[in-house]
Structures are given as structure tokens and as C-alpha cells.
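Novice:
Number of protein chains: 2
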Amino acid sequence: MTEYNRLSAGERRSKAAEVEARLEGFREEKLDLDMTRGKPGSDQLELSNGLLAAVDAKGWKTPSGVDSRNYGGLDGIEESRKLFGDYLGIAASEVIVGGNSSLALMHDTIAQLMTHGSSTLAKPWWGSNPAFLCPVPGYDRHFTILERYGIRMVSVATRESGPDMDEVERLAAADPTIRGLWCVPRYSNPTGYTFSDETVERLACMKTAAPDFRILWDDAYAVHHLGSGPAKLASILAACRKAGNPERPLIFGSTSKISFPGGGVAFSGGSEKSCAWARERLFVQTIGPDKVNILRHVLYFKDIAGILAHMEKHARILQPKFAAVDRILTRELSGTGIATWTRPQGGYFTSLDTSDGLASTAVKLAAGLGVKVTPAGSTFPHKKDPRDRNIRIAPTFPGLAALEKATEVLAVCIQRAALAGS
Amino acid sequence: MTEYNRLSAGERRSKAAEVEARLEGFREEKLDLDMTRGKPGSDQLELSNGLLAAVDAKGWKTPSGVDSRNYGGLDGIEESRKLFGDYLGIAASEVIVGGNSSLALMHDTIAQLMTHGSSTLAKPWWGSNPAFLCPVPGYDRHFTILERYGIRMVSVATRESGPDMDEVERLAAADPTIRGLWCVPRYSNPTGYTFSDETVERLACMKTAAPDFRILWDDAYAVHHLGSGPAKLASILAACRKAGNPERPLIFGSTSKISFPGGGVAFSGGSEKSCAWARERLFVQTIGPDKVNILRHVLYFKDIAGILAHMEKHARILQPKFAAVDRILTRELSGTGIATWTRPQGGYFTSLDTSDGLASTAVKLAAGLGVKVTPAGSTFPHKKDPRDRNIRIAPTFPGLAALEKATEVLAVCIQRAALAGS
């Protein structure tokens, strides 16, 4: 296709007329399509139905002999710490298993840092004007938690190798109110990029003005690949330990997109000292997690090989959906110069950047045609994309035909936004 | 038996010798018994094994058609709000279902009051020197949460009708830093007492100097009776609504001691405005609770009649245990004037008061003989019983023979403590 900014006035008018006609066609279809949420499709959920029967009236005892039905086990059952330790690439002693929502674990971490400080410095962050580095575009729910606690958000650009590390190092070293960084290091939300070894190394080694700088390492898509197996990611915990900053990383994960979002298991990881600090407060906060459901996951997946084999099945469902998004975006937008997008090898999103200033117009147009896309701006702190260009596409939930239609509508809406005034 | 303080010197010496001989006998038995935790026995857990199969590969849809396996449903599934609303005697619209631990819900409530204030006054309690009224003896885990957030605890005596309301009203009206009261209104931990209608009414109507006074109403044992059906308890929500203080009560409950402590469902209740306030923050805090497990409970228990019928089975197991404790305490301590105890009609504990100053000595003696009892003082703020007299007995977990032995040992240890120096 011709770049839009090389079109003659006549070509622009003719293109605009063609786009209008297509929009009118979509309007007549009375569409009702949803691409907003990083949500598994029903066919993906079917893959884990066996989990529902994994613990029965005779099978409630853990392999090591604990009655999963009764009280006890503040950090999950022993076998689950091994399983999810293997999953995160850390030792069982560096894992705490709890609840069904890693977002809840992350929220709790921020809340506790605010009210009680960290394992390095037992002094509340409250009242100290704390700030976090936020690679953008990023995950809206991370930003919302920071916002709720009045933690300032300092945006840092994202490269294919991870956050702009020159900028991260400069800011962390200069400003003691910068207390941490939040990231999705593998198949990042929404770009799909994975941190390079150099990025991990620099995050582990960098000097920070804050004595208890924390990296909230949301490894949400650790095994959620589409192509040739999970992307390699260097161990942040090993790198930080080696660099003499063992308490720096706080790692999170869950089975929400492995088993069930509405019935999975979440877990966190960190140094043994971090875990001891967490266990101490967990004793005050809860009677402990649902051990029966944790046991279901241990018995159903058995080991990390079991999880990886299971993820192949998810990949087979998801790969065609991501391919369809790319195929349609290529057909509609390649060469136009008005949009670029990522081609993720894993995770749950495709990230699309329009020319500056087009995103919110395009998303609104699509909504008017019955195609819901995550609101423009959502991937930035306070929901404000300074260049109004990023759109997060979530291809997983709709069926293939609906997804293709929704992507086409969005792409034509982007064309329409670019041609506005023609 | 003769009152100990009427014994002659000779009688005391002979009694002391007899007690020593019995202690020596216990020592030779090398006991290892545990009466510390309000924990169901294995036979009680067996009652709910059917729950494990309540959701299977074909049954994951809620009655109203929601896929329990996927994202969504921040406050549980519709049918669960109805079920636990009936359980708490409030409307479904006044219920939020979430997680497996009511202690976690209560902790979160306190944490959020500290950092964000209440539905009545959106101003953090942080830095305002807040205090709570604590009826004593009470539940140690309530006190530990207050302690963690630096909330001062003001003890109030407990009567059979509930807290000393003259004192509660006086303190709440006089001091604006007193922001709330924590209680277990039915079959209270540890006394087993249930609040009278007058107590509920006065709690609802009383003037408080704090504009957003909160009653944390931990209805942990709402249906956990031993005798002739659950004790009646007036509705704190209805009373507060009528008194013009609808936001005052925050109600909590769980199925920990109905189904499984390690795999149950917790819920909270309050006015619709309170619930709206909570849902707003829950959206930031979590992706939502485990809907599959909530659905299990809905399908297994069906309705409040199903829960009540199920509780009859628990009662049949527990009643003989509580009776045994009372029988042995009566045999060993009645008429001695050195101990009184409660005869609960429900709940999980018997509360025993020794003569002043004996409790910690008796508990330590018992521990030395292999009988673990909750540490003396645990039922008071900061674990300090000013009169060193209260002992919490938890009869539910040990088998009947073990329980009888443990109670006997404890009773003889109390005798020993009372005779010390003879």
C-alpha cells in the first residue's frame, strides 16, 4: 500500500470514500464484538476440566501426608512450592503459594510496603512521597494499584529488550523517592517483548538511591508461548543475589491462564529473607490459602513438564488467533505509515501504535460500530497516553471469525482516523 | 469438694500430695495432647467430602449461566450472595463473597480503613491515633491485626449479654479517637456467650464521637450450635439502619467450620453503600475470588436449610466433646472456688477463669506434661491478661479420650497452681 502521507489530494479523497463505504457496511452488520480483555476462550478452559476431579473424597491428603481440608499451611503445601518454584526457576524455599489472584498478591505487597516497609527497611513508605518507574506501554492494573496508594508513576520507554535501561539507571540512581519498578518481563503486557539478559543484569546490578528499591517482577506469562516454546528469561533472583541485592526482586505468577482464571492458584517468590518477612505478616493477615485447590493443581499438573505439555495445547488454540490479527493488520495497514504493531511469540496481547493522535479516535469509532477495544490510554499511568497512539489488542477470547471481523473493523477505523478531514 | 481457701493446713498438705502423685502419674504417661486450636476434627471434615465432587467437567456453569472458570464476578456469583445473605440474615445486595478466609477479609478491612478511610469519611485513619474497643476475653487474631496497624486496644469487660454496654457507650461517646469495636456476637470466642437483643440495640443506637465508628461483627459461629439449634441474634444491620447508622456494622462469616477450613468460602456484609465502597476497592485489589469453589458451595448446600441440616451433623460430633470437658472440669474443680467456666451452647471454645494469678502457671505445668493449651493471656490485647486467670479450651480437634485426658491434666495443673507453696 502507499504511505498515506504520500497520497495526492485526489487519492486521499478516493481512499476516504472507500473507507466510508466499508464503515457503512460494518454499521449495517450491527456487530457486537469484544477485544478488550486478556481472557481465555471457552475452548482453553475445557483443557483443564480434569482439574475439577483431581481431589475427591479419598484424595484430600497431600503427598507428604497433610490434610488439605483443615487449617494450616500459611504458604501453601510443600509440593506446590516445589512445583511453582520450578515454574519460576527458583527454589521451593523461595516460594509462597497463596490465593487465586496474583494481582491480589501484588496489591498486598504494595499495601504492606506503604504501611510497614520492606524486609530491608522496616519503615512504612507512607508519607515519604514514593514513586515507581513504569515501563510504558504497560499493564493498567499495575498502574491502578500505584494510583490508589498515591505512588507517583514515572514512565520509561519500552524497547524490544525491555525498559530503556539508560533511563532506568539514571532515575533510580538519582532520586531516593524512586522506590521501585513494575514490569512484565516475559511476553510483556501489551507488547509481547521479553527482557534481554543484559536488561536483567543491569536491573540487578544498578545503583539505587533508595535503600530498599523493589522490582515487582510480574512473570504472568512465564510459559505462555505461541511459537517454539517459552522465551528464555534470565533469573532476576539469581542476578540480584550475585549483585548483592538479594531482596530487590519480588516475583509473581499464577495459573490463571494455565488452568482457570476463576479457580486458579497464585504464588510469589523472592529471597528466603523476603519470604520470611512475608510469612510473618501473612500470619496476621490470613488463616492461609485454599490448600484443597492448591492440591488439585499439584495432582493434576504433577510437575513442570506437565505444565509445559499443557501449555502446548493452549498454544495450538491461540497461535491461529494471533496470526489472524497480524494477517489482517498487514492486509489493511502495511505500508500505510499510519500504524505499526508487535508480532508476539507469547502472552495475551498485540500492541499497536498508530501515528500520533489517532488511537482514541479510532477506538471510539470502533466502539460506535459495536467493536469493543481496550480504551486508548489504558496502557499508560493515569490512562493518559501522551502521544495518543497505543492500542492494546486482546485476541484470545473471541472466536476466530469474530476476531477477524473485529480486527478488520479496528484497522479500517484507524484508516478513517488518519484520513479525517480529507 | 471443699473450697480451697477453707482447707486447714493439714488438708492442704494432703491435697497437695495427692495432686503431686497424679501429676507424677501423668508424667509417666508421656502424653502428647493438643487443645490449642479451634480446629475441626477429621470426622467433621468427612461430613463435607461430597463438596469435592460438586463441580465437575460438565457442571462449571452457575445456575444463572456464568462460566465459573473464567474471569469476572468481583463479589462472587449471584447465587452465593443469596445463600450467604440468608445465612447472615441480610439481603443478597448486602453481601460480598470472596476468598476462603474471613480473617483475610477482616484484615483487609482494617488495612483499608487505615489507608483510605471509610464509606462515611474517605480519609485515612493513618496518623489519627485510632483506637478500638475490645471486649475481653476475645479472639487473639482480631487483636493481632489491630496491633499490627498500631491501633490502640481499649479492653471492655464481657458479660453473658455481651460487652459491658455502659462502658462501651461511655467510651464511644467521649473519645473521637475510638473508631470501632470488634466482636464475635454469637457463641463468642472464647466465652460462648451470645449478645442479647438489648446489646445489639444499644450498639446500633449509641452516640459515637467518631463520625465513622465501625463495628466489626465477626459472626463466625452463626449456625454452630451444640444443643437445640442456633442461638437467636438480633440483626445488627437492621438495628443500625433503623437507628440511622446504616454504615456502622461490617459483618463477616465463612464456611471454614461448615465445610473445610482449608477450602471454604468467606463473605462479608453491610449496607449497600458499604458494599459499593468495598467493590470499588476490590476492583483495584484483585481479579475476583475463586468462583469455582463458590459454586461448589452453592451446589452442595443449595440453601440455608441445607446448611442448617449439615450443622446438625457437626453438632452431633461436637456435643459429646463439650460435655466431656464440662463433666471433667466439674469433677475436678467444682466447689473448689479456684475456677469457673462457661457451658457454651455453640461455637468452638470453653472459657475457664481460675482464681487470679493461676492461669499462666497452670498452662505451663500442663505443657510440661505434654498437654498443649492456648497460652494464657492470648485472649487479651497484647496477650496480657491483667488478672492472669483466663484459659481458652478448644475441645474440637482431639479425639474424645485424648480430650478427656487433656482436660483432666489441665484441671489438676490448676489445682497444683492453687496449692503452690503448700
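Chains G and P supply the protein sequences, listed in that same order. For the first sequence, my numbering gives the first residue as 302, with consecutive numbering after it. For the second sequence, my numbering gives the first residue as 302, with consecutive numbering after it. For every residue, glycine included, the Cβ atom is placed at its ideal position computed from N, Cα and C.
1. For I629(G), decide whether its Cβ has a neighbour in chain P, counting only Cβ atoms nearer than 7 Å.
2. Just how far apart, CA to CA, sit K543(P) and K508(P)?
3. I need the DSSP call for G311(G), collapsed to helix, strand or coil.
4. Three or more C-beta pairs closer than 8 Å, one from the segment 362 to 376 of chain P and one from the segment 550 to 565 of chain G: is that the case here?
5. CB-CB under 6 Å to P436(P), same chain, minus the five flanking residues each way: which ones, in chain order?
6. Between which two residues does the beta strand (DSSP E) containing L482(P) stretch?
7. CB of E705(G) to nearest heavy atom of the ligand PLP: below 6 Å?
8. Using a beta-carbon distance below 7 Å, is Q586(G) in contact with chain B?
9. Assuming T567(P) contacts S575(P) under a Cβ cut-off of 8 Å, what Cβ separation, rounded to an integer in Å, is found between them?
10. Grab me the residues of H611(P)'s own chain with a C-beta within less than 8 Å of its C-beta, minus the 5 sequence neighbours each way, in chain order.
11. State buried or exposed for A310(P), treating a residue as buried only when at least 16 other CB atoms are found within 10 Å of its CB.
12. Strictly under 7 Å for the Cβ-Cβ distance: is T680(G) near chain P by that measure?
13. Are the C-beta of F568(G) and some C-beta of chain P separated by less than 7 Å?
14. Under a three-way DSSP split, which group does I608(G) fall into?
15. I want to verify the contact list: residues of chain G whose CB lies under 7 Å from the CB of V356(P), in sequence order.
16. On the DSSP letters alone, give me the boundaries of the beta strand (DSSP E) that G554(G) sits inside.
17. Measure the CB-CB distance between T587(P) and S402(G) and report whether it falls below 7 Å.
18. Between Y494(P) and chain G, is the shortest Cβ-Cβ distance under 7 Å, so that the two count as touching?
19. How close, in whole Å, do the beta carbons of L534(G) and T495(G) come, if the pair is a contact with beta carbons under 8 Å?
20. Is the CB-CB distance between V710(G) and A668(G) below 7 Å?
21. Closest to A393(P) by CA distance: which of C541(P), E573(P), A677(P), A423(P) is it?
22. I'd like the span of the beta strand (DSSP E) that includes K673(P), first residue to last.
23. For W426(G), I'd like the list of residues in its chain whose CB is within less than 7 Å of its CB, leaving aside the five on either flank, ordered along the chain.
24. If you draw a straight line from the alpha carbon of A677(G) to that of M302(G), how long is it in whole angstroms?
25. Is the beta carbon of A540(P) sitting closer than 7 Å to the one on A505(P)?
26. Tell me whether the beta-carbon of G647(P) lies closer than 7 Å to the beta-carbon of Y488(P).
27. Tell me which residue opens and which closes the alpha helix (DSSP H) that W578(G) is part of.
28. Is the CB-CB distance between T697(P) and Y649(P) below 7 Å?
29. First and last residue of the alpha helix (DSSP H) that includes M466(G)?
30. Whole-angstrom Cβ separation of T410(G) and L551(G), contact assumed at under 8 Å?
31. Which residues in the same chain have their Cβ closer than 8 Å to the Cβ of H526(P), if we skip the five residues on either side of it in sequence?
32. Around the Cβ of S557(P), are there at least 16 other Cβ atoms within 10 angstroms (buried) or fewer (exposed)?
33. Hey, does P562(G) have any beta-carbon neighbour from chain P nearer than 7 Å?
34. Strictly below 9 Å CB to CB, what residues from chain G border L249(P)?
35. Answer yes or no: do P590(G) and G377(G) have a C-beta to C-beta separation smaller than 7 Å?
Specialist: With the structure as the only source:
1. Closer than 7 Å: no.
2. A straight line joining the alpha-carbon of K543(P) with that of K508(P) spans about 14 Å.
3. If DSSP states are grouped into helix, strand and coil, G311(G) belongs with the helices.
4. Note that the segment 362 to 376 of chain P touches the segment 550 to 565 of chain G; at least 3 beta-carbon pairs, one per stretch, sit closer than 8 Å.
5. Excluding positions up to five away in sequence, the list reads V457, T459, P464, C484.
6. That run of the beta strand (DSSP E) goes 479 to 484.
7. No copy of the ligand PLP appears in this structure; indeed no ligand is present at all.
8. In the structure shown, chain B does not exist; the protein chains are G and P.
9. For clarity, residue 567(P) is Ala in the given sequence; the question names Thr instead. Going by Cβ atoms, the distance from A567(P) to S575(P) rounds to 16 Å, so no, they are not a contact pair.
10. Cβ within range, chain order: L348, S349, I559, F602.
11. Flag for A310(P) reads exposed.
12. No, T680(G) lies away from the interface with chain P (no Cβ there is under 7 Å from its Cβ).
13. Chain P, which has no Cβ nearer than 7 Å to the Cβ of F568(G), makes this no.
14. Three-state result, I608(G): helix.
15. Result: L353.
16. 550 to 555 is the span of the beta strand (DSSP E), which, as asked, contains G554(G).
17. Inclusion of T587(P) and S402(G) in the CB contact set at 7 Å is warranted, their separation being smaller than that value.
18. Not a single C-beta of chain G is nearer than 7 Å to the C-beta of Y494(P).
19. A Cβ-Cβ distance of about 6 Å is found for the pair L534(G) and T495(G), placing them in contact under the 8 Å criterion.
20. Contact annotation: V710(G) and A668(G) have beta-carbon atoms that are not nearer than 7 Å.
21. With distances taken between Cα atoms, A393(P) lies closest to E573(P).
22. It spans 672 to 674 - the beta strand (DSSP E) in which K673(P) sits, taken as one unbroken run.
23. Same-chain partners within the cutoff: L414, M415, G418, R480.
24. About 26 Å.
25. A540(P) places its beta carbon less than 7 Å from that of A505(P).
26. Yes.
27. Counted as a single uninterrupted DSSP element, the alpha helix (DSSP H) harbouring W578(G) occupies residues 573 to 586.
28. Their beta carbons are under 7 Å apart, which means T697(P) touches Y649(P) by this criterion.
29. Bounds of the alpha helix (DSSP H) holding M466(G) are 466 to 475.
30. Going by Cβ atoms, the distance from T410(G) to L551(G) rounds to 6 Å, so yes, they are a contact pair.
31. Answer for H526(P): Y488, A532, M612, A616, Q646, G647, listed in chain order.
32. Counting Cβ neighbours within 10 Å, S557(P) comes out buried, since at least 16 surround it.
33. Chain P, which has a Cβ nearer than 7 Å to the Cβ of P562(G), makes this yes.
34. Because chain P here runs from 302 to 723, residue 249(P) falls outside it and cannot be looked at.
35. One thing to note: P590(G) has its Cβ within 7 Å of the Cβ of G377(G).
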